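Visitor: Once you've had a glance at the structure underneath, I'll fire off some questions.
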């Protein structure tokens, strides 16, 4: 399940009120989403959803 365009959506997961919607839509369309945060959220189990922890 890959997106032909290679689209990757980066989300500020600390401040984004719609990260659940982004996750749902990314999975539906087969594109990768990277949740960028300072470590305060749990990683999503789906392989298309990644977590990037920053300082």
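Numbering (our numbering), first residue to last: 184 to 238.
Yeah, the Cβ is synthetic: ideal placement off N, Cα and C, and Gly gets one too.
Quick caveat: nothing in here was measured; it's all calculated off a predicted structure.
(1) Which residues does DSSP list as the beta-bridge partners of residue 236?
(2) For the beta strand (DSSP E) containing residue 197, list its first residue and its last residue.
(3) According to DSSP, is residue 211 part of a helix, a strand, or is it coil?
(4) Spatial neighbours of residue 235 within its chain, please: CB distance less than 6 Å, with the 5 preceding and 5 following residues excluded, ordered by chain position.
(5) Under 7 Å, do residue 209 and residue 231 count as touching if we go by C-beta distance?
Guide: Taking the geometry as given:
(1) 220
(2) Taken as a continuous stretch (DSSP letters only), residue 197 belongs to no beta strand (DSSP E), as it is neither H nor E.
(3) helix
(4) So the list reads 217 and 219, once near-sequence residues are dropped.
(5) yes
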